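Contents: one structure, followed by commentary.
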Amino acid sequence: MSGATTTSNYRELTPAAVILGIVQGAVMTAAFVYIGLKLGFGLPGSSVAAIMGFALLRGVGRGVFGSKDSGSIVENNINQTIASGINTASAGVVFTFPALLLLGVDFSPWAIIVSAIAGSFMGIVIIIPLRKQLIEIERLRFPTGIAVASILKSPGAGAGKALVMGGGFAFAVLMTLTTHGGLLPET
Numbered sequence: 260m261s262g263a264t265t266t267s268n269y270r271e272l273t274p275a276a277v278i279l280g281i282v283q284g285a286v287m288t289a290a291f292v293y294i295g296l297k298l299g300f301g302l303p304g305s306s307v308a309a310i311m312g313f314a315l316l317r318g319v320g321r322g323v324f325g326s327k328d329s330g331s332i333v334e335n336n337i338n339q340t341i342a343s344g345i346n347t348a349s350a351g352v353v354f355t356f357p358a359l360l361l362l363g364v365d366f367s368p369w370a371i372i373v374s375a376i377a378g379s380f381m382g383i384v385i386i387i388p389l390r391k392q393l394i395e396i397e398r399l400r401f402p403t404g405i406a407v408a409s410i411l412k413s414p415g416a417g418a419g420k421a422l423v424m425g426g427g428f429a430f431a432v433l434m435t436l437t438t439h440g441g442l443l444p445e446t
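Numbering (this note's numbering), first residue to last: 260 to 446.
Listed below in structure tokens is the structure:
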């Protein structure tokens, strides 16, 4: 029979990718909400999630989940999709919460949480029918998606970028602690 199906040797939807995507998305959301409230604009999390995913899936995935082939491109794609999807939902809160405070509106934190979740589901419902038209038929190019694809295609570079990001994070923590600890003057 000539129509035999081939199976992929790559692990794609794995417990490690899903769990790490959820945890990474939650941590990135907290960090990006803080950044958004401080700077006044939000950041896309796809590229950060892809870079961190290589380091975490290969390090944590191999150590915790005991899988020697953890950290493939397709597995990291699932991880970064989940993490950036969770992170993107925070943008609605970052831009509406300060407006409510400035207007002096009384609000319930639960109302904000429910509206953020409802907005996430509404985005999913709207994008599902648009995906086929925008990506498959019209073949539109999305710069962030192209950047993430190039990160995913170069896993060695992703690990190197993760080390640079880790060094930058450590330096930022050190500077923040010394500045707020009184060792260096705030400017």
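Don't be surprised by glycine CBs; every beta carbon is placed ideally from N, CA and C.
No experiment lies behind these values; they were computed from the predicted model shown.
Quick one: what's got a C-beta closer than 7 angstroms to residue i's C-beta in the same chain, skipping five residues either side?
{"i": "S261", "result": "In this prediction, S261 has a pLDDT of 46, which is less than 50 and means its spatial position is unreliable; what the coordinates show is noted afterwards. No residues qualify anywhere along the chain."}
{"i": "F366", "result": "L359"}
{"i": "K420", "result": "I310"}
{"i": "F461", "result": "The question about residue 461 has no answer, for the chain in this structure spans 260 to 446."}
{"i": "F291", "result": "G301, L302, G304, N346 and S349"}
{"i": "N336", "result": "L411"}
{"i": "M287", "result": "G304, V307, A308, A342 and N346"}
{"i": "L393", "result": "L399"}
{"i": "E271", "result": "V333, E334 and I337"}
In chain order, what residues of the same chain have a beta carbon less than 6 angstroms from the beta carbon of residue i, not counting five sequence neighbours either side?
{"i": "Y293", "result": "none"}
{"i": "P527", "result": "Residue 527 lies beyond the residue range present for the chain, which begins at 260 and ends at 446; the question has no answer from this structure."}
{"i": "L315", "result": "L279"}
Looking at the secondary structure, which residues open and close the alpha helix (DSSP H) in which residue i lies?
{"i": "P274", "result": "P274 to L298"}
{"i": "S343", "result": "I332 to T347"}
Among the options, which one has its Cα closest to the Cα of residue i?
{"i": "I345", "options": "T355, V384 and S305", "result": "S305"}
{"i": "M311", "options": "A431, T347, W369 and L279", "result": "L279"}
{"i": "T447", "options": "F313, F380 and H439", "result": "Nothing can be reported for residue 447, as the shown portion of the chain is limited to 260 through 446."}
{"i": "A285", "options": "A314, I332, S331 and S343", "result": "S343"}
{"i": "G318", "options": "R400, A275 and T355", "result": "A275"}
{"i": "N338", "options": "V282, G427 and A431", "result": "V282"}
{"i": "V423", "options": "V307, R398 and L399", "result": "V307"}
{"i": "I383", "options": "I405, T273 and I341", "result": "I341"}
{"i": "F354", "options": "V373, L442, G295 and H439", "result": "G295"}
{"i": "S331", "options": "F428, V432 and S413", "result": "S413"}
{"i": "E334", "options": "T273, P368, A289 and L442", "result": "T273"}
{"i": "W369", "options": "I396, A377 and G363", "result": "A377"}
So, at 8 angstroms on beta carbons, what are the nonlocal neighbours of residue i in its own chain, with the 5 sequence-adjacent residues on each side left out?
{"i": "T264", "result": "With a pLDDT of only 45 at T264, under the threshold of 50, the placement of this residue in the model should not be trusted, and no figure is reported."}
{"i": "A375", "result": "A348, S349, G351 and V352"}
{"i": "G425", "result": "A314"}
Does the beta-carbon of residue i, which I'm using as the reference point, lie nearer than 8 angstroms to any heavy atom of the ligand SAM?
{"i": "L361", "result": "What this structure holds is no ligand at all, so the ligand SAM is not there to describe."}
Measuring only between beta-carbons, confirm whether residue i sits less than 9 angstroms from chain C.
{"i": "I405", "result": "The structure shown contains no chain C; it holds only a single protein chain."}
> If you scan the region 369-443 from start to end, which runs of the alpha helix (DSSP H) of 4 or more residues do you find wholly inside it?
Replying inline: Those alpha helix (DSSP H) runs which fall completely within the region 369-443 and span 4+ residues are 402-412 and 414-439.
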